[in-house]
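Quick notes on the structure that follows.
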Amino acid sequence: MSSALLNNYPFNLLHHTLQRRYDAHQQVRYASAHIVAGNPEKFAKARGEYVPTHFKNMREVAAALTGLNIKKAYTYLADVQDHKQIIPFRRFAGGIGRASQAKQFKTTKGRWPEKSVRFILRLLKNAESNADAKDLEVEDLIIKNIVVQQAPKTRRRTYRAHGRINPYQGHPCHIEIILSTPSSEVPRAKDLDVTSSSKKGKTVAAIEA
């Protein structure tokens, strides 16, 4: 902002604008902030931006880890790195080959996305350190939620035969991890646990009650 414009700018409005920019820079906004809003001392968070690994692979890794105990998650990811267990691919499964290891997840397709596993291991250790700083019981931590969002694509070029140039894009992602203690988990209401489509009337009645 130029000095001439600053002289004619109302001071209160200028102060408000600069304060908003400062607050936006200082405070990281989490997509899943509503989860920790009620009891933040029972949660630990970690966030990675512009992580250089494929968004689709990372989304499937996050879906496989959500709800696990953090120690079980470490064991599972170590097995994936050794190809002893697999990451099931359910949403972004186009062109994904079938594997017998996917049977335990009641699906047929899966992969071992090593780069995504390496990055999410770093974030899990970061979140675990944040939980330790809050004096939470690290052994009992549960992966409450993992949010994976697409980041802006990185654009490069690759040179082909006969003078052609093709795009060579990367598909990075933003990742948010929230760990929680078991005491912060909300029990599911048993009287509303109606999932069968044949009980449509009961489902509507339960919702309206």
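Start counting the sequence shown at 193; every next residue gets the next number (our numbering). Using N, Cα and C, we set each Cβ at its ideal position, and we do this for glycine too. Nothing here was measured: the structure is a model prediction, and the numbers come from that model.
When you compare only the Cα positions, how much space is there between residue i and residue j?
i: ARG290; j: GLY302; result: 6 angstroms
i: ASN337; j: ALA223; result: 10 angstroms
i: VAL396; j: VAL339; result: Interpretation of VAL396 is limited by its pLDDT of 47, a score under 50 that renders its predicted location unreliable; no figure is taken from the coordinates.
i: ILE370; j: ARG356; result: 46 angstroms
i: ILE367; j: TYR351; result: 32 angstroms
i: LEU260; j: LEU316; result: 12 angstroms
i: LYS276; j: ALA270; result: 9 angstroms
i: GLY287; j: PHE311; result: 24 angstroms
i: LYS326; j: GLU233; result: 7 angstroms
i: GLU241; j: ALA319; result: 15 angstroms
i: HIS226; j: VAL272; result: 31 angstroms
i: SER308; j: ASP274; result: 14 angstroms
i: TYR201; j: ARG221; result: At TYR201, the pLDDT of 49 sits below 50, so the modelled position is not reliable; the number obtained from the coordinates is stated separately. Distance between the alpha carbons of TYR201 and ARG221 is about 29 angstroms.
i: GLN342; j: GLN361; result: 13 angstroms
i: ALA285; j: ALA238; result: 27 angstroms
i: THR300; j: LYS263; result: 26 angstroms
i: GLU329; j: LYS298; result: 32 angstroms
i: ALA256; j: ALA229; result: 25 angstroms
i: ALA254; j: LEU313; result: 11 angstroms
i: HIS354; j: ASP324; result: 58 angstroms
i: LYS248; j: GLU306; result: 13 angstroms
In the DSSP assignment, what are the bridge partners of residue i?
i: LYS237; result: ILE370
i: GLU357; result: A small fix is needed here, since residue 357 is Ile in this sequence, not Glu. The partner list for ILE357 (beta bridge, DSSP) reads TYR351.
i: GLN342; result: CYS365
By alpha-carbon positions, which one of the options ends up nearest to residue i?
i: ARG347; options: ILE227, ALA265, MET250, ASN358; result: ASN358
i: SER292; options: PRO280, PHE284, ALA285; result: PRO280
i: ILE278; options: TRP304, LYS264, ILE262, THR267; result: TRP304
i: ARG283; options: ALA265, MET250, HIS226, VAL330; result: MET250
i: PHE235; options: ASN322, PRO344, GLN361; result: ASN322
i: PRO364; options: ASN231, VAL243, VAL228; result: VAL243
i: HIS246; options: ALA353, PRO344, GLY230, ARG349; result: PRO344
i: ILE334; options: GLN296, GLU306, HIS354, ALA265; result: ALA265
i: ALA294; options: ASP324, GLU252, LEU313; result: GLU252
Just to confirm, is the Cβ distance from residue i to residue j under 8 angstroms?
i: THR267; j: ASP332; result: no
Is any non-hydrogen atom of the ligand FAD found closer than 7 angstroms to the C-beta of residue i, if you look at the structure I gave you?
i: ILE370; result: Because no ligand of any kind appears in the structure shown, any question about the ligand FAD cannot be addressed here.
At the 8 angstroms Cβ level, is residue i part of the contact set with chain D, yes or no?
i: HIS226; result: Reference to chain D is not applicable here, since this structure consists of a single protein chain.
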